[in-house]
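Single-structure report; data block below.
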Amino acid sequence: MPRDTSKQTEPALTDVRQSLVALIKQADRAGANALLDAWAARHGYEEVFKVLLEPALIGIGESITGEKHTLAQAYVAAKVAEDMLTRAVNQPGANAYAEPEKGPVVLGNAEGDFHALGRRMVATMLRSKGWLVHDLGNDVPPEEFVDQALATGARVIGVSAMTMTTAQGIRALRQELDTRGLTGRMQLAVGGAVFLVMPGLVEEVGGDGTASNMFAAPGLFERLWQASLQAETIHA
Ligand code: B12
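The working numbering applies: residue 208 is where the sequence shown begins, and numbers increase by one.
In structure tokens, the structure reads:
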């Protein structure tokens, strides 16, 4: 007789999170992936990122300073998240927009910054909402951001920075935009964990706006795109 799976109890979220962190600590990438796949099958990929992966990464990051986790474990966690991102993107129907209908925009990590994961997640989310995204990768110098934005016709530049030092480097990009007379016409979106914990940092580095996670990023880019159009009308 077939088993009645409907009566199987769902494991508590805290238990699943603990198991995930334990697998990451043991560098068991395959085990962590299997756990996440099983969760995704029941709740969808969006939930995997929201309730499991992002909290796990933030927790691991916080405890690096307390020496509860090592940088190597952070690296494994990031690899597991990247595996998941690749699978989420390759899901049937994930790329609903064959032809992007918004943008273009450029995105990259600030100069000296190699925390690729958040940027890749933002790019994936924007593309899934119809934006044409030119992803410039890690460690992008300020001039290259502006050159690429001009070459592609982008009205929004998105910069991801995870450390205090690399976030402060965004000031040079702000200056580059202002010096080239692009203030307002080219909007500067900034993001990354450091902006969430440092109130006022967005304004300090000259950002035009931020979003706390990939789910909020499309709304921000839409708002900044409109602000760019408006700035052009005013100066026309
Ligand atoms: C994984 C990780 C690494 C990995 C990165 C691997 C990879 N391929 O990405 C490795 C091991 C390489 C690494 C290296 C280092 N790291 Co590190 N790392 C982390 C960790 C644990 C998680 C980062 C992450 O992937 N988070 C998950 C993603 C999904 O979140 P996110 O990046 O914040 O992105 C989301 C939002 O912020 C937003 N977002 C992100 N970008 C953007 C951009 C825009 C425009 C918008 C709108 C939104 C947006 O949307 C994203 C998706 O929802 C963090 C801890 C933390 N609290 O975040 C430390 C952390 C960022 N690292 C830190 C440090 C110090 C380092 C090193 C200097 C360590 C060293 N001594 O060498 C190096 C620096 C390397 C460099 N120059 O970039 C510190 C930074 C401290 C600080 N505030 O200055 C942290 C906070 C850890 C800590 N508590 O000390 N790291």
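Virtual Cβ for every residue (Gly too), placed ideally from N, Cα, C. Keep in mind the model is a prediction, meaning the values are calculated, not measured.
- The residues Ala396, Leu427 and Leu431, in chain order, have a CB closer than 6 Å to that of Gly416 in the same chain once the five nearest residues on each side in sequence are set aside.
- Collapsing the DSSP output to three states places Asp320 in coil.
- Looking at the DSSP output, Val363 bridges to Val312 and Gln394.
- The beta carbons of Ala288 and Leu324 sit closer together than 9 Å.
- Collapsing the DSSP output to three states places Asp235 in coil.
- Per DSSP, the unbroken alpha helix (DSSP H) holding Leu380 starts and ends at Ile377 to Thr386.
- The Cβ atoms of His341 and Leu314 sit closer than 9 Å to each other.
- Contact holds between the stretch 389 to 403 and the stretch 358 to 366, because three or more Cβ pairs, one in each stretch, are under 8 Å apart.
- 9 Å or more divides the Cβ of Pro262 from the Cβ of Arg294.
- Taking the C-beta atoms as reference points, Ala374 is found nearer than 9 Å to Phe402.
- If you check the CB distance, Glu318 and Asp346 come in under 9 Å.
- When distances are taken from the beta-carbon of His322 to the heavy atoms of the ligand B12, the shortest one is below 8 Å.
- For the ligand B12, a non-hydrogen atom lies closer than 8 Å to the CB of Ile267.
- Burial check for Ala245: the Cβ neighbour count within 10 Å stays below 16, so the residue is exposed.
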